[in-house]
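Working notes for the structure below.
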Amino acid sequence: MNVVEKIVTLEHKETVRLDPDRLTGLYRQLGDKNALDVLCRTVEELAVRLSNCERFWRQRDWAGLRKCARSLVAISEQIGMMALAHVAGDVARSVDAGDVVATGATLSRLVRVGEISLTVIWDQQDLSV
1154 MNVVEKIVTL
1164 EHKETVRLDP
1174 DRLTGLYRQL
1184 GDKNALDVLC
1194 RTVEELAVRL
1204 SNCERFWRQR
1214 DWAGLRKCAR
1224 SLVAISEQIG
1234 MMALAHVAGD
1244 VARSVDAGDV
1254 VATGATLSRL
1264 VRVGEISLTV
1274 IWDQQDLSV
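Residue numbers (our numbering): 1154 to 1282.
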């Protein structure tokens, strides 16, 4: 049997769901204009921190990666990105466990979920530059 014949390609499909109660609460508390401003800044900050997580991974800066992932948990929970918060927590836990392979895998998932989450909230809120 030729091992090459048995290669399987895995397709990564991530689904995300925003917690509408968090967004509604934000709009109710701050008003439309201020909530939209906060949301725009938050989306930008999440994108920066996702990029920082990847940089910390490449540099093998485990403390920086853990801190950045934990900050993603807090920020994403505030605006209802619960899947992103969960996966960011998984990254922090894998760093704490010292499991480099799990950290790499969960970080890859974090980036996928992060990109999808940012796109979903961008589209739902019609955030334009």
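Ideal Cβ placement from N, Cα and C applies to all residues, glycine included.
| Check | Outcome |
| --- | --- |
| Nearest residue (CA-CA) to G1233, options R1202, Q1277, S1204 and D1252 | Q1277 |
| I1274 - DSSP class collapsed to helix/strand/coil | helix |
| Residue from E1167, N1205 and G1257 with nearest C-alpha to S1270 | E1167 |
| Start-to-end residues for the alpha helix (DSSP H) that takes in E1167 | Premise fails: E1167 is in no alpha helix (DSSP H) and is neither H nor E. |
| Meets three-Cβ-pair contact criterion under 8 Å: the segment 1238-1250 and the segment 1185-1197 | no |
| Sequence-distant residues of its chain with Cβ nearer than 6 Å to W1215 (five each side left out) | V1248 |
| L1173 versus L1260, A1258, V1254 and M1235, residue with shortest Cα-Cα distance | Inspection of the sequence shows that residue 1173 is occupied by Pro rather than by Leu. Among L1260, A1258, V1254 and M1235, the Cα nearest to that of P1173 belongs to M1235. |
| Residue environment, S1229, which counts as buried when at least 16 other CB atoms sit within 10 Å | buried |
| Proximity to L1192 [Cα-Cα], best of L1179, S1204, L1203 and R1202 | L1179 |
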